[in-house]
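Take a look at the structure below.
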Ligand SMILES: Cc1cc2nc3c(=O)[nH]c(=O)nc-3n(C[C@H](O)[C@H](O)[C@H](O)COP(=O)(O)OP(=O)(O)OC[C@H]3O[C@@H](n4cnc5c(N)ncnc54)[C@H](O)[C@@H]3O)c2cc1C
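Residue numbers (our numbering), protein chains in the order written: chain A, 48 to 466; chain B, 1486 to 1858.
Here it is as C-alpha cells:
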C-alpha cells in the first residue's frame, strides 16, 4: 500500500508537468463544471480548441497513454495515465469531447475490429482529428438497449440503414459514429443485432439538436433514411452486435465513472468557497455547525470515490480485470454531485437561484446541480447500475423476463413505442 | 502508487478469517451475549495472542510481532467481521498504542510484553457521565493519587490496567494520563447495563488510587487526540468488516428466501438496497485503505484520513446492519437470529470514540478550518 510515487512514477510526473508548463496555462482558481454536460458559450470555438489541444498532446506523446504506440498511444501503465490526468487537471485545458471515441469506440475497435479498421480509425481518433459519437439509444430503446429497431438490410457489399437514434451526444460535430442496428427481426432480441462504424457525412443522415434542461443542446436526434454503409465497416459478425455493444457499454461506465470528472475542482477550492460565504447568522458559513456536518459528509464521499478510482487503477496495473468499480463509481458519483450542487447553491443563499455569468463561480454549482441527472441517466441509469451490481457482483437472481426467448417481432411494446 | 494490501498481508487475512470463522462463530457470539458473567471470549483471546495478532504493530524487542499497522488493519477487519468478543480495541489500539507513543523506555519494557502477549488487558478511561469533551474531565489527580469516577469504560471489567485521563489543573492543558492497576483496593468497578452485551461497559470509581504518569504532565488531551486518530483507523476496519458480514448475510438470505414464488433477491426493492449497501461499503473500504496507509506511514495526512475512514465506515456499517434486519423480515427482529448483533455492535463502535458528528467536524478542522471560539 503506497500513495507516494515510485521513482519511475515521479520521473514521469515531472516530465508531464514540464511538458504542460511549456504548452498550457495553469488553471485559474475558478473551478470547472462537468465537462461534457457544461454549456459552452461558443461551441464551434470550443470544438476547435479541443481538437487543437488533443493534436498537440498527441504530437507530444501525451494522448491515449495506455494505448499501444502503433495506434497513436504511448503504451504506459494505467497508473501513469492517472498521473497525467492529475497533472493535466492543474492546467487550463479545453473540455474533453473525445471520450466517446477514445474511451468507448477505441477500445471496442481494438477488441473486435479487423487490423485494417484499427489502422484506419485509431490514430486519427487518438489525435482528435476525428470526433466520434455513439448511436445506440432510440426512442424505444434506452436502458433496454437490445429493444432497438433501427433496421439494417444487406444489399450486395453494402448495408442499407433506416430508423432513428436519439440522445446522441455530439453527433453534430462528429465525423464517425458507432451504430447498433437490427439485422434480423425474427430471432430473439439480443440475437438479431449488428454493429457498424458509420461515416456521419453519409447521404441520408439528418441530425437535429435537442435542447436540454441545462439550456444547451449537446445531444441530438439522428435520422437514417436509406443510408449506405459498406460491409467493411461492420464491427464483429452479423448478429453478434450485442456482444460488441457490451464491450462499448463496459467501457462507457468506466469512462463516466472512472474519468476525472470535476478534476478541475479541488478540495481546497471547495473549502475556500464555503469559508467565503456567509451563514444566516452573519458568521462565515464554515463556522456553521450544520454546514460543517454536510460539507464533511460530502468530502468523505468525494474522497471515497477518488480513492476507489485509485483501487481500480491499482487492480488494472496488476493485470486484474476491472471489477464492479465502474458501476459503483458512476452510481455514487451522480447522486453525490447532485447533492454537492445543491449544497453549493444553498450556501450561496439568495444567489442560489442565479445562473450563468451572474451566479457565483460562473454558476459552477448550478451547472453541477442541473448537469448531474445526465450522469445519473446516461451510460446506464442508476437503476440499471444497481441491477448490474446486484446481479453480477452479488450474484442475485436476474429479473423475470418476458422478452428473452421470443422473436423480437413478438415482444410486447407500450403505446409510447408504437407512436 | 499501489493501493492494495500485499500478498503477505492477504495471507494474514486468510489466516485470521479462517481462525475466526471457526472460533468466533455466530453461535459463540450468541453465547457470550447471553452469559451475563462473560465479559469477553477468553479462549479466543488466548488463541489470538498465540498467533501474535494482539501485538502486531509492537516491535519485537517489546514482545510484539514486529509486523505493522497494515497487518493490524487486516486483522481488525476480520475481528469486526466475526463480531469477535475480544478487547482488542481497548487493549491494543488504545492502551498499547499509548505506551508506544508516549511511554518511557522503562514503561515500554515493563508493560508492552505483557500487553502484546494478551496476558495483560488494558482499557482506556476518558469519558465521565458519557461526556467526551475536555471540560467533562473532573476526575482529579493530587500527588499522583486519583479520585473521581469514569463512565462508561469499555472493557474495564476484563482489564488489568486502565489508562485514565485525570485533571491536574484547569483548562484543556490541565489533563494528564495515568496508568492505574485495576486490582488496587482504591478502584471499584461496577458493570453497567448495555445494548451490546458482547461489549461490557462499566462505571469505575477511583478513591485515591495510585496512578503512574504516562507521557508529559498536562499533555493528556493532546495525547488522547493522537490516540483517537490512530484507533479510529483500526476501528474503522472493524466497522467495515462488520458491515461486510451484514451485507453477505443479507445477500445469502435474499437468495434462499422465496416469496411470491421467486427468490427475495430477484425483487428490485431488495436487490437495489443490497447494491446500495455494497456501494457504501466499497467507498468506505477505499477511505479505510487510505487511513491504513496514513497510519502505517505516520503520514501528515493521518488526521484527515482518520476522519474520512471513521465517518465512511460508521455510515456503511450502520446502513448495512439496519438493512440486514429489514431484509430478514420477522426473523430479523428476533433475539435468536444474528442480524441484531450487528446493529448493536455498530452502535457500540460508534460511541467508543465519539460518534460521527464529532469526526465530521474534526475533518473540517483538520482540513484547516477550525471552528472559532
Ligand atoms: C446527457 C445524456 C447524453 C446521452 N448521450 C447518449 C449518446 O451519446 N448516445 C446514446 O446512444 N445514448 C445517449 N444517451 C441515452 C442514455 O443512454 C439513455 O437515456 C439511458 O440509457 C436511459 O434510457 P431511456 O432514456 O430510454 O430511459 P428508460 O430506459 O425508459 O428509463 C426510464 C427510467 O426507468 C428506469 N428503468 C429502466 N429499465 C428499468 C428496469 N429494468 N428496472 C428498473 N428501472 C428501470 C430507468 O432507470 C429510468 O429511471 C444520453 C442520455 C443523456 C441523459
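We treat Cβ as the ideally placed atom computed from N, Cα and C, and that holds for glycine. Computed from a prediction, not measured in an experiment: that's the story for all the values here.
Is it right to say residue i is buried, meaning 16 or more other beta carbons lie within 10 angstroms of its own, or is it exposed?
{"i": "residue 1657 of chain B", "result": "exposed"}
{"i": "residue 1492 of chain B", "result": "exposed"}
{"i": "residue 1639 of chain B", "result": "buried"}
{"i": "residue 499 of chain A", "result": "The requested residue 499 of chain A is not part of the displayed model; chain A covers only 48 to 466."}
{"i": "residue 405 of chain A", "result": "exposed"}
{"i": "residue 1590 of chain B", "result": "exposed"}
{"i": "residue 449 of chain A", "result": "exposed"}
{"i": "residue 1575 of chain B", "result": "buried"}
{"i": "residue 1647 of chain B", "result": "buried"}
Under 7 Å Cβ to Cβ from residue i, same chain only, skipping five residues before and after it: list those, please.
{"i": "residue 213 of chain A", "result": "184, 185, 186 and 268"}
{"i": "residue 1545 of chain B", "result": "1551"}
{"i": "residue 178 of chain A", "result": "144, 145, 148, 217, 220, 221 and 222"}
{"i": "residue 307 of chain A", "result": "Bear in mind that a pLDDT of 44 at residue 307 of chain A, under 50, signals an unreliable position, so the model cannot answer this."}
{"i": "residue 1635 of chain B", "result": "1610, 1612, 1613, 1624, 1649 and 1689"}
{"i": "residue 1700 of chain B", "result": "1587, 1662 and 1708"}
{"i": "residue 466 of chain A", "result": "Low confidence applies here, because residue 466 of chain A scores a pLDDT of 45, under 50, leaving its location unreliable; read the following figure in that light. Here the set comprises nothing."}
Given residue i, which residues of its chain have a CB within under 8 Å of its CB, disregarding the five upstream and five downstream residues?
{"i": "residue 1863 of chain B", "result": "A query on residue 1863 of chain B cannot be resolved here, the shown segment of chain B reaching from 1486 to 1858 and no further."}
{"i": "residue 1717 of chain B", "result": "1776, 1791, 1792, 1794, 1795, 1838 and 1844"}
{"i": "residue 352 of chain A", "result": "376, 379, 380 and 383"}
{"i": "residue 1768 of chain B", "result": "1797 and 1801"}
{"i": "residue 81 of chain A", "result": "Residue confidence for residue 81 of chain A is low, a pLDDT of 48 falling below 50, so the modelled location carries little weight and cannot support an answer."}
{"i": "residue 150 of chain A", "result": "298, 299, 301, 302 and 306"}
{"i": "residue 1497 of chain B", "result": "1552, 1556, 1559 and 1560"}
{"i": "residue 73 of chain A", "result": "137, 138 and 139"}
{"i": "residue 1853 of chain B", "result": "none"}
{"i": "residue 1495 of chain B", "result": "1559"}
Note down, in chain order, each residue of its chain lying with its Cβ closer than 6 Å to the Cβ of residue i, except the 5 sequence neighbours on either side.
{"i": "residue 83 of chain A", "result": "A caution first: residue 83 of chain A carries a pLDDT of 44, below 50, which makes its placement in the model unreliable, though a value can still be read off. Hits under 6 Å: none found."}
{"i": "residue 96 of chain A", "result": "141"}
{"i": "residue 310 of chain A", "result": "Any reading at residue 310 of chain A must be qualified, since the residue scores a pLDDT of 45, below 50, and its modelled position is unreliable; the value itself is stated next. Cβ neighbours of residue 310 of chain A beyond the five flanking positions: 136."}
{"i": "residue 1730 of chain B", "result": "1566"}
{"i": "residue 1578 of chain B", "result": "1716 and 1719"}
{"i": "residue 278 of chain A", "result": "204"}
{"i": "residue 1722 of chain B", "result": "1558, 1561, 1562 and 1773"}
{"i": "residue 243 of chain A", "result": "226, 276, 280 and 281"}
{"i": "residue 295 of chain A", "result": "151 and 155"}
{"i": "residue 1850 of chain B", "result": "none"}
{"i": "residue 403 of chain A", "result": "410"}
{"i": "residue 1786 of chain B", "result": "1779"}
Sort out for me which residues DSSP pairs residue i with in a bridge.
{"i": "residue 1676 of chain B", "result": "B/1687"}
{"i": "residue 209 of chain A", "result": "A/198"}
{"i": "residue 113 of chain A", "result": "Note: residue 113 of chain A sits in no beta bridge, so no partner."}
{"i": "residue 318 of chain A", "result": "Partner(s): none; residue 318 of chain A has no beta bridge."}
{"i": "residue 1574 of chain B", "result": "The partner list for residue 1574 of chain B (beta bridge, DSSP) is empty, contrary to what the question assumes."}
{"i": "residue 291 of chain A", "result": "Residue 291 of chain A is not bridged to any residue."}
{"i": "residue 282 of chain A", "result": "A/242"}
{"i": "residue 1630 of chain B", "result": "B/1627 and B/1695"}
{"i": "residue 182 of chain A", "result": "A/226"}
{"i": "residue 1647 of chain B", "result": "B/1608 and B/1665"}
{"i": "residue 216 of chain A", "result": "A/266"}
{"i": "residue 72 of chain A", "result": "A/139"}
{"i": "residue 271 of chain A", "result": "A/210 and A/252"}
- Query: Looking at chain B, which residues of the stretch 435-453 of chain A have a Cβ within less than 9 Å of any of its Cβ atoms?
  - Reply: 435, 436, 437, 438, 440, 441, 442, 443, 444, 445, 446 and 447
- Identify each residue in the stretch 1525-1556 of chain B for which the Cβ-Cβ distance to at least one residue of chain A is less than 9 Å, and report them in chain order. 1555
- Please name the residues in the stretch 1823-1854 of chain B whose beta-carbon is closer than 9 Å to at least one beta-carbon of chain A, in chain order. 1841, 1842, 1844, 1845, 1846, 1847, 1848, 1849, 1850, 1852, 1853 and 1854
- Task: Could you please tell me which residues of the stretch 278-299 of chain A, in chain order, have their CB closer than 7 Å to any CB of chain B?
- Result: none
- Item | Residues, ordered as in the chain, of the stretch 1741-1752 of chain B that lie near chain A by beta-carbon distance below 8 Å | 1747, 1748, 1750 and 1751
- Residues of the stretch 412-435 of chain A whose Cβ lies closer than 9 Å to any Cβ of chain B, in chain order: 429, 430, 432, 433, 434 and 435
- Item | Contact list for the stretch 1637-1652 of chain B against chain A, Cβ threshold 8 Å | none
- Item | Residues, ordered as in the chain, of the stretch 362-375 of chain A that lie near chain B by beta-carbon distance below 9 Å | 362, 364, 365, 371, 372, 374 and 375
- Item | Under 7 Å (Cβ pairs) to chain B, residues found in the stretch 379-397 of chain A | 379
- Task: Using a Cβ-Cβ cut-off of less than 7 Å, list which residues of the stretch 319-331 of chain A approach chain B; keep chain order.
- Result: 322
- Near-chain A residues of the stretch 1793-1808 of chain B (beta-carbon distance less than 7 Å), N- to C-terminal order: 1793, 1796 and 1797
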